[in-house]
Every structure is written in C-alpha cells, then in structure tokens.
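Every position in the sequence shown, counted from 1, becomes a number in this note's numbering once 42 is added. Here's the structure, in structure tokens; my notes come after.
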Amino acid sequence: QYEIQRAAGEGFNLSYDWFGRSSRPANSALTQHFAQVLEQNGLIEERTSKQVYSVDDGRFLPDRYVEGTCPTCGFEKARGDQCDNCGRLLDPVDLIDPYSSVSGSKNIEIRDTNHLYLLQTQMQDKIRDWVNSKGAQWPGLAVSIANKWLDEGLIARAITRDLSWGVPVLDADGNPRPGYEDKVFYVWFDAPIEYIAATQEWAEATGN
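What follows is the structure in structure tokens.
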C-alpha cells in the first residue's frame with residue numbers, strides 16, 4: 043500500500059516533506075483571523091442554544107459525543123452532527139433516545155449554553171453562484187451534492203464547543219473572549235484553515 047501511495051504522489055509531483063498540526067500557533071492565529079473578519083462582516087453572531095449535557099459524565103457533549111436514533115430515517119446509530127445512513131445534518135438535541143458515546147449513559151439533560159454561530163444563511167446565494175460557476179470544472183457528483191444542500195437551505199451552525207482541547211476563542215487583543223474561557227473553536231471550523239496555516243509555515247520555512 044505504501045508503494046502505491048508513494049507512486050501516486052510522485053505521479054502528481056508531490057513530496058511529503060512538511061507536516062502541519064492544527065495545534066500549532068500558526069493555525070490558532072489564522073483561525074482567530076478568519077473568525078474576527080467573519081464577525082466584522084456580520085457573518086458570526088453569539089446565540090444561546092440548547093445543548094446535550096451528560097449528568098454522569100459531568101460535561102456538555104459535543105456533536106460526535108452524542109449518539110441516538112435519526113429523526114429522519116430511524117437509523118439507530120446516528121451521531122449528533124449527522125446521520126451516516128441518510129446523510130442528514132443533525133443537531134444533538136434532534137436525536138431520539140440520545141446517549142453519551144463516552145460512557146453510554148442515558149442520564150441526559152438539555153441545558154442552555156452560549157456559542158458563536160456562522161451565518162451560512164447569509165452566504166447561500168453567493169455560494170450557489172460560485173458552485174454554478176465551477177460546473178464545467180468540478181465532477182458532476184460534487185456539483186449535485188452541493189446544490190442538494192443549497193436546495194435544502196443552509197442553516198447557521200455553531201463553530202464553538204464546550205471542550206477543553208482545541209483552538210481557544212480569543213478577542214481582537216488576543217485575550218480569552220469573555221464567557222468563552224472554557225470553550226474552543228470546533229474542529230470543522232479550524233481544521234480546513236490548518237491547510238492554509240501549514241502552507242504558510244512551509245512558505246516561511248523554505249522561503250518559497
């Protein structure tokens with residue numbers, strides 16, 4: 043398998059000589075920059091939402107730490123962020139008979155907590171125009187999946203979670219954002235940014 047992957051990389055003139063990590067300072071700084079610019083442009087707002095809290099675990103449970111039955115198709119192993127059976131994007135509080143994937147406990151409560159939300163609803167028309175402009179360059183399946191999500195309607199998604207590990211939520215001065223000292227940016231927001239941060243690190247290290 044290694045030889046197959048190595049040959050494929052060489053075929054595209056790729057070399058594996060730089061390894062980035064989302065925990066590095068470069069990704070943290072760039073994630074803060076993206077979040078601050080989005081907020082300055084009115085695309086991020088703070089909302090109070092209801093989140094799943096495990097009494098036995100003594101913690102809020104982020105999406106992937108909650109499992110249950112999908113309210114759309116009835117799949118019994120749906121996760122709190124999506125159902126792998128029907129592909130529906132979910133919120134943990136939507137699940138039927140939810141339980142903690144950490145402990146298996148069903149001693150669950152729904153509690154209020156504040157989070158930052160990315161207002162995808164305000165980007166929908168621009169995203170559709172961009173997707174349609176790429177129709178001749180992208181595989182047909184990619185275009186159809188993107189348009190399916192757009193047709194269903196994008197929704198505002200929380201980009202922070204009640205977790206102790208991850209990219210911290212800072213204000214413009216680099217200090218912890220008030221009320222977010224025990225929260226971090228969720229991985230689906232900062233992980234794509236890490237590709238850019240890793241490229242930046244590589245460019246600075248190599249002078250390219």
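By construction, the Cβ of each residue, glycine as well, lies at the ideal position given by its N, Cα and C atoms. Note that the coordinates shown come from a computational prediction; the quantities given were computed from them, not determined experimentally.
Residue i lies in the alpha helix (DSSP H); which residues open and close that run?
i, result
"GLN166", "166-175"
"GLU223", "That residue, GLU223, is in no alpha helix (DSSP H); it is neither H nor E in DSSP."
"GLY216", "Careful: GLY216 lies outside any alpha helix (DSSP H) and carries neither H nor E."
"PHE231", "229-248"
"ALA50", "44-53"
Bridge partners of residue i, per DSSP?
i, result
"LYS92", "ASP154"
"ARG101", "SER96"
"ILE86", "LEU160"
"VAL108", "SER142"
Which same chain residues end up closer than 6 Å to residue i when comparing Cβ atoms and leaving out the 5 residues on each side of it in sequence?
i, result
"GLY122", "ASP105, VAL108, PRO134"
"PHE117", "CYS125, ASN127"
"CYS115", "ASN127, CYS128"
"ARG130", "THR114"
Using a Cβ-Cβ cut-off of 8 Å (strictly less than) and excluding sequence neighbours within five positions of residue i, which residues of its own chain qualify?
i, result
"PRO113", "LEU132, ASP136, LEU137, ILE138"
"GLN147", "Note on residue identity: the sequence assigns Ser, not Gln, to residue 147. Counting only Cβ-Cβ distances below 8 Å, and skipping sequence neighbours, we find SER96, VAL97, ASP98, ASP99, TYR141."
"SER145", "SER96, ASP98, ASP99"
"ASN69", "GLY62, ARG63, VAL209, ASP232, ILE235, GLU236, ALA239, ALA240"
"GLN242", "ALA68, LEU72"
"GLN166", "LEU192, GLY195, LEU196"
"LEU85", "LEU160, LEU161, GLN164, MET165"
Please list, in chain order, all residues of the same chain as residue i whose beta carbon is under 7 Å from its beta carbon, the five residues on each side excluded.
i, result
"ASN189", "VAL173"
"GLN78", "ALA214"
"LEU252", "Because the chain here runs from 43 to 250, residue 252 falls outside it and cannot be looked at."
"GLY110", "ALA120, LEU137, ILE138, ASP139, PRO140, TYR141"
"TRP244", "TRP60"
"ILE46", "none"
Quick one: does the C-beta of residue i sit closer than 7 Å to a heavy atom of the ligand HEM?
i, result
"ARG48", "Although the ligand HEM was asked about, the structure shown includes no ligands whatsoever."
Please list the segments of the beta strand (DSSP E) lying wholly inside the region 110-150, counting only runs of 3 or more residues, in order along the chain.
If we require 3 residues or more, the beta strand (DSSP E) runs fully inside the region 110-150 come out as 138-142.
Any chance you could list the alpha helix (DSSP H) runs of at least 4 consecutive residues sitting entirely within the region 185-214, in chain order?
Runs found: none.
When the Cβ atoms of the region 193-208 are set against those of the region 154-173, are three or more pairs found closer than 8 Å?
Touching, yes.
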